[in-house]
Each structure stands twice: as structure tokens, then as C-alpha cells.
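Asker:
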Amino acid sequence: MTFEGNGGESVPARFVVPHYHGDEVRALFVISAVVLVVARSTGADLPLSTFGTVASAVALVVAAGITNPAQFWIHWMNAFLAMSGTLLFGTAAVENYRSGITIFDSSFVYVEALAILSLIALYFTTRTIRGIKQRLKG
266 MTFEGNGGES VPARFVVPHY HGDEVRALFV ISAVVLVVAR STGADLPLST
316 FGTVASAVAL VVAAGITNPA QFWIHWMNAF LAMSGTLLFG TAAVENYRSG
366 ITIFDSSFVY VEALAILSLI ALYFTTRTIR GIKQRLKG
């Protein structure tokens, strides 16, 4: 740490890793976990059992907690989680819409939100993996 002229300490500048979007993925995973638990506890019809919902929320929070630019493997795990969420909730959202469930139904809103959150997380995770692979090459 460096000392300022007035005797106070300052925080060192944050180290920026090019093409690292783990912070965004971390936030999206935590938000998704909260949405999962709230949706299940309010009675939304999710394509998961109660145990599956809570286990998925735990997996998302643990992955968010482990995510960092130094460990390459966690980004592949994040991609798997984001892809699984996109496929599961995206498929459920389309099926709900086609079956005539109104877009104002809370189940539809929760499932659609989870599909979109997962899709955005997949995008950022893919960009992170691409960026890390480019750094390893060059």
C-alpha cells in the first residue's frame, strides 16, 4: 500500500485482466440463485424439483465464489452451468408460452428471467474463456 500526503493509506489499483468477465458472471450467478429460491418459495412452476432448485442455487453460489482469473477450469464449469441453465429455462419458457401461459403469470416471468440471466452469463463466460485462451497462446 502507498501512503498519501495526509498520512492515510490508499488501496492499490485493481489489476485488470483483459477480456476477463468473471465479475459479471459472478453477479449473474448470485442473482440467478436468489431468483431460483424466491421463485420456488413463492410457488412458481419451475422445471426443477424443490431439491433441484436449492441444489442449483447452491452450485451457482459456490461457482460464483470460486470464480477468479487465476483458475482456468472454473470458467469451463461456469460455461457448463450457464449452458445448462439456458437450455433448461429457455426450453421451459418457450414451452410455457406455447401452452398458452400468459406472460403476466409469475411462473413465466421467473422462468424467462432465469433463461435470460443464464444466456447473458453464457456470453460473458464464453468471452472469458476466449480471452484466457488468447493470452495463453500469445
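Positions 266 to 403 (this note's numbering) are the ones given, in order, by the sequence shown. Even for Gly, the Cβ is constructed at its ideal location relative to N, Cα and C.
By the three-class DSSP mapping on this structure, what secondary structure does Phe316 have?
Answerer: Indexing the sequence shown from 1 puts residue 316 at position 51. Three-state result, Phe316: helix.
Asker: With a 10 Å radius around its C-beta and 16 neighbouring C-beta atoms as the bar for buried, classify Pro283 as buried or exposed.
Answerer: Counting from one through the sequence shown, the residue named residue 283 turns up at place 18. Pro283 comes out exposed.
Asker: Are Val300 and Tyr375 close, meaning C-beta to C-beta below 8 Å?
Answerer: Residue 300 sits at position 35 when you count from the first residue of the sequence shown. Residue 375 sits at position 110 when you count from the first residue of the sequence shown. Yes, they are a contact pair.
Asker: Evaluate contact between the region 363–375 and the region 329–346, counting only Cβ atoms and requiring at least three cross-stretch pairs below 8 Å.
Answerer: The answer is no - the region 329–346 does not touch the region 363–375, with fewer than three Cβ pairs under 8 Å.
Asker: Alpha carbon to alpha carbon, how far is Val290 from Lys398? Give it in angstroms, no decimals.
Answerer: Walking along the sequence shown from the start, residue 398 turns up at place 133. Walking along the sequence shown from the start, residue 290 turns up at place 25. Their Cα atoms are separated by approximately 18 Å.
Asker: If you run the structure through DSSP and keep just helix, strand and coil, what is Ala335?
Answerer: Locating residue 335 in the sequence shown gives position 70, counting from the first residue. Ala335: coil per DSSP, three-state reduction.
Asker: What whole-angstrom Cβ distance do Ala329 and Val281 have, given they're in contact under 8 Å?
Answerer: Here residue 329 corresponds to residue number 64 of the sequence shown, with the count starting at 1. Here residue 281 corresponds to residue number 16 of the sequence shown, with the count starting at 1. With a Cβ gap of about 20 Å, Ala329 and Val281 do not count as contacting.
Asker: Figure out for me which residue from Phe373, Phe354, Gly350, Gly355 has the closest Cα to the Cα of Thr307.
Answerer: Taking the first residue of the sequence shown as position 1, residue 307 is located at position 42. Comparing Cα-Cα distances from Thr307 to each of Phe373, Phe354, Gly350, Gly355, the minimum goes to Phe373.
Asker: Between the C-alpha atoms of Thr315 and Arg305, what's the straight-line distance to the nearest angstrom?
Answerer: By 1-based counting over the sequence shown, the position of residue 315 is 50. By 1-based counting over the sequence shown, the position of residue 305 is 40. Distance between the alpha carbons of Thr315 and Arg305: 7 Å.
Asker: Is Thr390 buried or exposed, if buried means 16 or more other CB atoms sit within 10 Å of its CB?
Answerer: Numbered from 1 along the sequence shown, position 125 holds the residue referred to as residue 390. Looking at its Cβ environment, which holds 16 or more other Cβ atoms inside 10 Å, Thr390 is buried.
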